[in-house]
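A quick write-up on the structure given underneath.
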Amino acid sequence: MAQKEKKPRTYQGVRDEIREQHMKTKDMSFKERLAYFWYYYKIHTLAAICAVIAIITLIHDVSTSKDYIFYGLMLNSYQLPSDELSTAFAEYADLDLETYDCFIDTSTSLSLRSMGQYDAVTVQKIIATIQTGDLDAVVYDSEIFNNYSNHEMFLDLRTVFTEEELSQYDDYLYYIDYGEVLKLQEAEADDGLEAPSAQQLSNEELDKVLLEETQMHRHPENMETPIPVGVILEDSPFVKKTGAYPQKVPVFGIIYTSHRTDISKKYLEFLWDETIDFAQIALAGQTY
Numbered sequence: 001m002a003q004k005e006k007k008p009r010t011y012q013g014v015r016d017e018i019r020e021q022h023m024k025t026k027d028m029s030f031k032e033r034l035a036y037f038w039y040y041y042k043i044h045t046l047a048a049i050c051a052v053i054a055i056i057t058l059i060h061d062v063s064t065s066k067d068y069i070f071y072g073l074m075l076n077s078y079q080l081p082s083d084e085l086s087t088a089f090a091e092y093a094d095l096d097l098e099t100y101d102c103f104i105d106t107s108t109s110l111s112l113r114s115m116g117q118y119d120a121v122t123v124q125k126i127i128a129t130i131q132t133g134d135l136d137a138v139v140y141d142s143e144i145f146n147n148y149s150n151h152e153m154f155l156d157l158r159t160v161f162t163e164e165e166l167s168q169y170d171d172y173l174y175y176i177d178y179g180e181v182l183k184l185q186e187a188e189a190d191d192g193l194e195a196p197s198a199q200q201l202s203n204e205e206l207d208k209v210l211l212e213e214t215q216m217h218r219h220p221e222n223m224e225t226p227i228p229v230g231v232i233l234e235d236s237p238f239v240k241k242t243g244a245y246p247q248k249v250p251v252f253g254i255i256y257t258s259h260r261t262d263i264s265k266k267y268l269e270f271l272w273d274e275t276i277d278f279a280q281i282a283l284a285g286q287t288y
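Have a look at this one:
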């Protein structure tokens with residue numbers, strides 16, 4: 001009687017792969033097996049390790065992160081250390097750092113003249129922190145402040161400060177003419193109207209136009225509907241002692257979505273306080 005022909009065993013996927021690998025390594029020493037495993041699986045192993053580290057880091061960050069008690073942004077500041085400035089203000093304002101975070105970002109920069117990829121990302125980041133209500137107060141150089149004040153980024157300071165409190169900054173208030181802002185917004189919404197291109201001017205010409213525009217914002221008597229939205233800091237102890245805005249006019253403003261306006265008021269007071277050793281804070285940034 002003829003013997004039945006043996007049918008080849010069907011492939012069983014992963015089980016066969018494991019059996020095959022076992023056959024290859026069964027006669028190897030431990031050291032040889034380790035070398036074999038590393039040669040064939042090092043990419044998978046490294047990927048798995050990286051994934052585990054990423055998950056652990058994410059869990060740690062989420063579990064240990066604190067809500068902000070104050071979030072400030074000093075755009076285009078020069079050699080100003082974030083940690084030292086944040087700590088100094090937190091101590092000044094007696095903020096609870098056991099429960100909350102106080103963060104003043106001094107490292108972010110933005111150019112409206114070049115507007116490269118980095119600048120576009122920075123704009124998106126600023127918009128995101130405004131929409132979430134995280135960002136409280138900012139210090140922008142006047143070129144950027146001029147631009148964003150026309151888009152209603154800042155609170156009317158009269159809604160935050162009393163008349164007496166605001167009078168301390170009378171000589172430094174930055175106004176917008178709300179009637180002109182509305183006209184500008186209508187013009188931008190009309191596809192048939194385009195704003196003049198700043199690229200047609202040299203940097204020297206742009207600087208001159210910028211200075212003239214900034215000066216206009218200091219004269220509410222020439223406006224139809226003046227609204228104070230900022231405080232010019234060029235004569236403040238902070239600017240004079242740190243030199244953080246060389247050849248620029250820095251302007252303070254409170255973001256319209258902020259829910260911590262009382263701390264923003266304290267922050268402005270801090271920037272004008274003669275007793276703060278701002279020079280030492282700036283020096284810490286130069287030693288990094």
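Numbering-wise (our numbering), the sequence shown opens with residue 1 and increments by one. The beta carbon of each residue, even a glycine, is placed where N, CA and C say it ideally should be.
Distance between beta carbons of A137 and G72, contact taken as under 8 Å
Indexing the sequence shown from 1 puts residue 72 at position 72. Indexing the sequence shown from 1 puts residue 137 at position 137. Contact holds; Cβ gap of about 5 Å.
Between the CA atoms of Y256 and N75 - distance to the nearest angstrom: Indexing the sequence shown from 1 puts residue 75 at position 75. Indexing the sequence shown from 1 puts residue 256 at position 256. Note that residue 75 corresponds to Leu in the displayed sequence, not to Asn. Rounded to the nearest angstrom, the two C-alpha atoms are 17 Å apart.
- Task: Kindly identify the DSSP beta-bridge partner or partners of I72.
- Result: On the sequence shown, position 72 is the one that residue 72 refers to. Sequence check: residue 72 is Gly here, not Ile. Note: G72 sits in a beta bridge opposite I104 and A137.
Classify A282: buried if its beta carbon has 16 or more other beta carbons within 10 angstroms, exposed otherwise. What you label residue 282 is simply residue 282 of the sequence shown in a count that begins at 1. By the 10 Å Cβ count, A282 comes out buried.
At the level of alpha carbons, what is the spacing between S82 and I144?
Locating residue 82 in the sequence shown gives position 82, where the first residue counts as 1. Locating residue 144 in the sequence shown gives position 144, where the first residue counts as 1. Rounded to the nearest angstrom, the two C-alpha atoms are 21 Å apart.
Cα separation between Y92 and F238? Locating residue 92 in the sequence shown gives position 92, where the first residue counts as 1. Locating residue 238 in the sequence shown gives position 238, where the first residue counts as 1. Their Cα atoms are separated by approximately 14 Å.
Please identify the residue among L157, L201, N150 and F154 whose C-alpha is closest to the C-alpha of D177. Within the sequence shown, the letter at position 177 stands for residue 177. Comparing C-alpha distances from D177 to each of L157, L201, N150 and F154 shows the shortest one belongs to N150.
Next item on the list: Give the secondary structure of G179 by DSSP, where H, G and I count as helix, E and B as strand, and everything else as coil.
Entry: To locate residue 179, count along the sequence shown from 1; it is residue 179. Note: G179 maps to helix in three-state DSSP.
Open item on the list: Taking the alpha carbon of L110 as the reference point, which residue from K241, S86, S77 and L268 has its own alpha carbon closest?
Closed with: By 1-based counting over the sequence shown, the position of residue 110 is 110. Of the listed residues, the one whose Cα sits closest to L110 is S77.
- prompt: Rounded to a whole number of angstroms, what is the C-alpha to C-alpha distance between L206 and L97?
  reply: Working through the sequence shown from its first residue, we reach residue 206 at position 206. Working through the sequence shown from its first residue, we reach residue 97 at position 97. Approximately 43 Å, taken between the alpha carbons.
> So the beta strand (DSSP E) F145 belongs to, where does it begin and stop?
Replying inline: To locate residue 145, count along the sequence shown from 1; it is residue 145. Run containing F145: none in the beta strand (DSSP E); it sits in the alpha helix (DSSP H), S142 to S149.
Q.
Cutting at 6 Å between CB atoms, please list the residues of its own chain near K266, excluding the five before and the five after it.
A. Here residue 266 corresponds to residue number 266 of the sequence shown, with the count starting at 1. Hits under 6 Å: A93.
**Prompt:** Are the stretch 167-184 and the stretch 222-234 touching, with three or more C-beta to C-beta distances below 8 Å?
**Reply:** With contact defined as three or more Cβ pairs closer than 8 Å, the stretch 167-184 and the stretch 222-234 are in contact.
Requested in this report: Determine the closest residue to Y68 out of E274, D273, S264 and N203, with distance taken between C-alpha atoms.
Outcome: Numbered from 1 along the sequence shown, position 68 holds the residue referred to as residue 68. Comparing Cα-Cα distances from Y68 to each of E274, D273, S264 and N203, the minimum goes to S264.
Going along the chain, which residues of its own chain have a beta-carbon closer than 7 Å to the beta-carbon of S86, five neighbours each way excluded?
Taking the sequence shown and counting its residues from 1, the one referred to as residue 86 is at position 86. So the list reads C102, F103 and I104, once near-sequence residues are dropped.
**Message:** Taking only three categories from DSSP, how would you classify D277?
**Reply:** In the sequence shown, residue 277 corresponds to position 277, counting from 1. Correct three-state label for D277: coil.
Rounded to whole angstroms, what's the CA-CA distance from L80 to Q286? Just pull it up for me. Residue numbering aside, residue 80 sits at position 80 when the sequence shown is read from its first letter. Residue numbering aside, residue 286 sits at position 286 when the sequence shown is read from its first letter. Each residue's Cα considered, the two are about 8 Å apart.
Quiz item: Quick one: is the Cβ of E165 within less than 7 Å of any heavy atom of the ligand COA?
Solution: As presented, the structure is devoid of all ligands, the ligand COA included, so that no description of it is given.
**Prompt:** Among T108, L166 and N146, which residue has its Cα nearest to the Cα of L184?
**Reply:** Here residue 184 refers to the residue found at position 184 when the sequence shown is read from its first residue. Comparing Cα positions, the closest option is N146.
*Is the CB-CB distance between L135 and S258 below 8 Å?*
Reading the sequence shown from its first residue, position 135 is the one you call residue 135. Reading the sequence shown from its first residue, position 258 is the one you call residue 258. A distance below 8 Å separates the beta carbons of L135 and S258.
Report all residues from its chain with a CB closer than 7 Å to the CB of S107; omit the five preceding and five following residues, and keep chain order. Here residue 107 refers to the residue found at position 107 of the sequence shown. So the list reads S82, once near-sequence residues are dropped.
* Spatial distance of R218 from E180 (CA atoms) -> Taking the sequence shown and counting its residues from 1, one reaches residue 218 at position 218. Taking the sequence shown and counting its residues from 1, one reaches residue 180 at position 180. In a straight line, the C-alpha of R218 is about 15 Å away from that of E180.
Taking the C-alpha atoms as reference points, what is the distance between A279 and K241?
-> Your numbering for residue 279 matches position 279 in the sequence shown. Your numbering for residue 241 matches position 241 in the sequence shown. If you take the alpha carbons of A279 and K241, they lie about 5 Å apart.
>> Short of 6 Å in beta carbon distance, which residues of its chain neighbour R113, apart from the five on each side in sequence? Order them along the chain.
In response: Taking the sequence shown and counting its residues from 1, one reaches residue 113 at position 113. Only residues of its own chain outside the window of five on either side were considered, and among them none has a CB closer than 6 Å to the CB of R113.
L173 - partner residues in DSSP beta bridges = Sequence index remark: in the sequence shown, residue 173 carries index 173 (1-based). Answer by DSSP bridge pairing, in chain order: V231.
Return yes when the Cβ of P228 is within less than 8 Å of the Cβ of L175, no when it is not.
Translated into the one-based positions of the sequence shown, residue 175 becomes position 175. Translated into the one-based positions of the sequence shown, residue 228 becomes position 228. For the record, residue 175 in the displayed sequence is Tyr; it is not Leu. Yes; because the gap between Cβ atoms is below 8 Å, this pair is in contact.
| request: Please classify L268: is it buried, with 16 or more other beta-carbons within 10 angstroms of its beta-carbon, or exposed? | output: The residue labelled residue 268 in the question sits at position 268 within the sequence shown. Residue environment: L268 is assigned as buried (16 or more neighbouring CB atoms within 10 Å of its CB, all protein chains considered).
_Which residues does DSSP list as the beta-bridge partners of V251?_
Here residue 251 is taken as the residue at index 251 of the sequence shown, counted from 1. V251 is bridged to Y140 and I232.
Exercise for review: Give me the Cα-Cα distance between V209 and K66, rounded to the nearest whole angstrom.
Suggested key: Your numbering for residue 209 matches position 209 in the sequence shown. Your numbering for residue 66 matches position 66 in the sequence shown. Annotation: V209 to K66 spans about 43 Å, alpha carbon to alpha carbon.
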